[in-house]
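Visitor:
Chains as they are written, first to last, in this note's numbering: chain A, 1 to 119; chain B, 120 to 454.
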């Protein structure tokens, strides 16, 4: 057996098109604003559903490697940044910077693909 | 607003204005912020038509925002300093009238909505004239300096506004549910590169497109004073110019006009040059500050305190701000 198609992301995209093309033109003011927010939320949810989440685990592993913390490596990483452990000129500056950039890219791919030149 | 509250409001208006003949006409809820409610109020006062705005607290008040009485005092101080603000008229701190405290100011005409302002070529006489006029407004705000008895609620100015900013944002992050490495990265950069302190001035602290009302003939109002504090004048310049407040427009000064024109307007009125490097420091600070506020707002939704699509989506602004913070701190785009 399989799930009935269309699945979530496709269904969301179709529903969003109907909202924007059939409903939104009939609205104005607060209703139009709310409808645009709903469309935005549907787009975020659809992008999240198709993203490969393996970067989350990889990021955690890199933070563990950089901080030596096995528990809550993200908290340890944030604290180490605050303490200046990854300042420019430090041994692991480039690795820390690359990690932050990649994580921000993955987060933007869901929340704000426009800044990545997409969406 | 129901009849009982209208009757209480009318009674209070009699007392506040001292006029025997006060008729309360139409009241319409204007598009309010997350924190306040603004009502357009038509009043006939001793036979004369008055167009006012009543400003009161909304259900969810941010802990960092000032109460209405303080905002009223700030409006009075700004009005006296020649800043273009709606004339402040009456303050009510009696919770028996409408519940939360409120004040009344004159209603002014113009457009404030960011997405409309940044598209206009004609407001305020054109883009560069608009930002020059806004620069002059900001310089007048910065003429208000401590100590001021009427603004005592603002407390003592920080010895070093830049380092105080870093400390305050770190405290805010420490209150958050999740660690925020990119914001820490930005704050550490600010800490390492903080310029020497300047004598403090009054910061509006939300002087940005969306809070500035413009008409074809000029600036008609600097609105929303609830975040005002003593600080570095460049904090306001940076907040206004920050990319996150340009509403998608390419114009660097608030999405409205050229940065040079904004600086020139400011410098002419302030009689001192703008320190461009210091403004850049505060532009990075602006992205961090907005991200921390957005996290707070998203958290209000997530915690169940206030379920709201708008708050939920505000949380999703954070990654975009992080992207810009990395750009501003020199992090390469890809390995």
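C-beta: ideal position from N, C-alpha, C; glycine also.
Counting contacts by CB-CB distance shorter than 8 angstroms, is residue 42(A) in contact with chain B?
Guide: By 1-based counting over the first chain, the position of residue 42(A) is 42. For residue 42(A), the answer is no, since every Cβ of chain B falls outside 8 angstroms of its Cβ.
Visitor: Comparing alpha-carbon positions, which option in 70(A), 66(A) and 16(A) lies nearest residue 42(A)?
Guide: Your numbering for residue 42(A) matches position 42 in the first chain. Nearest C-alpha to residue 42(A): 16(A).
Visitor: So which residues on chain A does residue 442(B) lean against when the C-beta distance must stay under 9 angstroms?
Guide: Within the second chain, the letter at position 323 stands for residue 442(B). Result: 101, 104, 105, 107, 108, 112, 115 and 116.
Visitor: Interface residues of chain B around residue 97(A) at Cβ under 9 angstroms?
Guide: As a first step, residue 97(A) is located in the first chain; it is residue number 97 there, counting from the start. 304, 445, 448, 449, 450 and 451, listed in chain order.
Visitor: Exposed or buried, which one is residue 1(A) when buried takes at least 16 other CB atoms within 10 Å?
Guide: For this step, residue 1(A) is matched to residue 1 along the first chain. Exposed, by the Cβ-count rule.
Visitor: Could you tell me which residues DSSP puts in a beta bridge with residue 334(B)?
Guide: The residue given as residue 334(B) occupies position 215 in the second chain. In DSSP, residue 334(B) forms a bridge with 337(B).
Visitor: Taking the runs of the beta strand (DSSP E) that are 3 residues or longer, which of them lie wholly in the stretch 296–364 of chain B?
Guide: Whole beta strand (DSSP E) segments, 3+ residues: 320–322, 331–334, 337–341 and 348–350.
Visitor: Under 8 angstroms by Cβ, that's how I've got residue 400(B) and residue 281(B) pegged, so tell me the actual separation to the nearest angstrom.
Guide: Working through the second chain from its first residue, we reach residue 400(B) at position 281. Working through the second chain from its first residue, we reach residue 281(B) at position 162. Right, the Cβ-Cβ distance comes to about 7 angstroms (below 8 angstroms), so this counts as a contact.
Visitor: Check for me: the alpha helix (DSSP H) holding residue 52(A) runs from which residue to which?
Guide: On the first chain, position 52 is the one that residue 52(A) refers to. Here residue 52(A) belongs to no alpha helix (DSSP H), and DSSP marks it neither H nor E.
Visitor: Could you list which residues in chain B have their beta carbon closer than 7 angstroms to that of residue 78(A), in chain order?
Guide: Reading the first chain from its first residue, position 78 is the one you call residue 78(A). Correct list: 298, 299, 300 and 303.
Visitor: How do the stretch 304–321 of chain B and the stretch 267–287 of chain B stand: do at least 3 beta-carbon pairs fall below 8 angstroms, yes or no?
Guide: Yes: the two stretches touch, three or more of their Cβ pairs being nearer than 8 angstroms.
Visitor: Determine the extent of the beta strand (DSSP E) in which residue 168(B) is found, giving its start and end residues.
Guide: Counting from 1 along the second chain, the entry for residue 168(B) is found at position 49. 167–176 is the extent of the beta strand (DSSP E) around residue 168(B).
Visitor: Below 8 angstroms on the Cβ atoms is my contact criterion, and I expect residue 228(B) with residue 386(B) to pass it. Report the Cβ-Cβ distance as a whole number of Å.
Guide: As a working mapping, residue 228(B) is identified with position 109 in the second chain. As a working mapping, residue 386(B) is identified with position 267 in the second chain. Going by Cβ atoms, the distance from residue 228(B) to residue 386(B) rounds to 29 angstroms, so no, they are not a contact pair.
Visitor: Starting from residue 414(B) and walking both ways along the beta strand (DSSP E), at which residues does that stretch end?
Guide: Counting from 1 along the second chain, the entry for residue 414(B) is found at position 295. That residue, residue 414(B), is in no beta strand (DSSP E); its alpha helix (DSSP H) goes 395–421.
Visitor: Say whether chain A places a C-beta atom closer than 8 angstroms to the C-beta of residue 438(B).
Guide: If you number the second chain from 1, residue 438(B) lands on position 319. So yes, residue 438(B) belongs to the interface.
Visitor: Tell me residue 243(B)'s beta-bridge partners as DSSP assigns them.
Guide: For the purposes of this step, residue 243(B) is identified with residue 124 of the second chain, where counting begins at 1. None; residue 243(B) has no bridge partner.
Visitor: Under a three-way DSSP split, which group does residue 450(B) fall into?
Guide: What you label residue 450(B) is simply residue 331 of the second chain in a count that begins at 1. Residue 450(B) falls in the coil class under three-state DSSP.
Visitor: Can you give me the start and stop residues for the beta strand (DSSP E) that residue 155(B) sits inside?
Guide: Residue 155(B) sits at position 36 when you count from the first residue of the second chain. Its beta strand (DSSP E) spans residues 155–164.
Visitor: Any beta carbon of chain B sitting closer than 8 angstroms to that of residue 53(A)?
Guide: Locating residue 53(A) in the first chain gives position 53, where the first residue counts as 1. Chain B contact via Cβ: absent.
Visitor: Please report the distance separating the alpha-carbon of residue 8(A) from that of residue 412(B).
Guide: The sequence position of residue 8(A) within the first chain is 8, counting from 1. The sequence position of residue 412(B) within the second chain is 293, counting from 1. Between residue 8(A) and residue 412(B), the C-alpha separation is close to 32 angstroms.
Visitor: Pull the bridge partners of residue 207(B) from the DSSP assignment, please.
Guide: The count along the second chain starts at 1 and reaches residue 207(B) at position 88. 224(B).
Visitor: From this set, 85(A), 58(A), 13(A) and 51(A), which residue's C-alpha is nearest residue 170(A)'s C-alpha?
Guide: Here chain A comprises residues numbered 1 to 119, so residue 170(A) is not present and cannot be evaluated.
Visitor: Just curious, the beta strand (DSSP E) that residue 142(B) is in, first and last residue?
Guide: Within the second chain, numbered from 1, the residue matching residue 142(B) stands at position 23. Taken as a continuous stretch (DSSP letters only), the beta strand (DSSP E) holding residue 142(B) covers 141–149.
Visitor: Tell me, please, whether the CB atom of residue 84(A) is closer than 8 angstroms to any CB atom in chain B?
Guide: What you label residue 84(A) is simply residue 84 of the first chain in a count that begins at 1. Yes, residue 84(A) lies at the interface with chain B (some Cβ there is under 8 angstroms from its Cβ).
Visitor: Considering only residues of the same chain and omitting the five flanking positions on each side of residue 319(B), which have a CB-CB separation below 8 angstroms?
Guide: For the purposes of this step, residue 319(B) is identified with residue 200 of the second chain, where counting begins at 1. Here the set comprises 264, 265, 276, 277, 280, 349, 350 and 351.
Visitor: Between residue 440(B) and residue 364(B), what straight-line distance do the alpha-carbon atoms span, to the nearest angstrom?
Guide: To locate residue 440(B), count along the second chain from 1; it is residue 321. To locate residue 364(B), count along the second chain from 1; it is residue 245. Near 11 angstroms, if we compare the C-alpha coordinates of residue 364(B) and residue 440(B).
Visitor: Quick one, are the C-beta atoms of residue 237(B) and residue 377(B) less than 8 angstroms apart?
Guide: Numbered from 1 along the second chain, position 118 holds the residue referred to as residue 237(B). Numbered from 1 along the second chain, position 258 holds the residue referred to as residue 377(B). No, the pair does not count as a contact, with Cβ atoms beyond the cut-off.
Visitor: Hey, would you say the C-beta of residue 444(B) is under 7 angstroms away from at least one heavy atom of the ligand SAH?
Guide: What this structure holds is no ligand at all, so the ligand SAH is not there to describe.
Visitor: Tell me which residues share the same chain as residue 165(B) and place their Cβ nearer than 6 angstroms to its Cβ, disregarding the 5 neighbours each side in the sequence.
Guide: Taking the first residue of the second chain as position 1, residue 165(B) is located at position 46. Taken in chain order, the residues that qualify are 138 and 140.
Visitor: Please return the same chain residues whose Cβ sits closer than 8 angstroms to the Cβ of residue 172(B), not counting the five positions on each side in sequence.
Guide: Reading the second chain from its first residue, position 53 is the one you call residue 172(B). Within the same chain, residue 172(B) has close Cβ partners 149, 157, 158, 159, 160, 205, 223, 224, 225 and 226.
Visitor: Listed from N- to C-terminal order along the chain, which residues in the stretch 411–431 of chain B have their beta-carbon within a distance smaller than 8 angstroms of any beta-carbon of chain A?
Guide: Listed in sequence order: 428, 429 and 431.
Visitor: Can you tell me where the alpha helix (DSSP H) with residue 370(B) in it begins and where it stops?
Guide: Counting from 1 along the second chain, the entry for residue 370(B) is found at position 251. Residue 370(B) -> no alpha helix (DSSP H), and no H or E assigned at all.
Visitor: Mind listing the chain A neighbours of residue 311(B)? Cutoff is C-beta to C-beta under 9 angstroms, in chain order.
Guide: As a working mapping, residue 311(B) is identified with position 192 in the second chain. Within 9 angstroms Cβ-Cβ: 84, 87 and 88.
Visitor: Answer with buried or exposed for residue 417(B), where buried requires no fewer than 16 other C-beta atoms within 10 angstroms of its C-beta.
Guide: For the purposes of this step, residue 417(B) is identified with residue 298 of the second chain, where counting begins at 1. By the neighbour-count rule (16 or more Cβ atoms within 10 Å), residue 417(B) is buried.
Visitor: Would you say residue 262(B) lies against chain A (beta-carbon separation less than 8 angstroms)?
Guide: Here residue 262(B) refers to the residue found at position 143 when the second chain is read from its first residue. For residue 262(B), the answer is no, since every Cβ of chain A falls outside 8 angstroms of its Cβ.
Visitor: Closest Cβ-Cβ distance between residue 435(B) and chain A: below 8 angstroms?
Guide: Taking the second chain and counting its residues from 1, one reaches residue 435(B) at position 316. For residue 435(B), the answer is yes, since a Cβ of chain A falls inside 8 angstroms of its Cβ.
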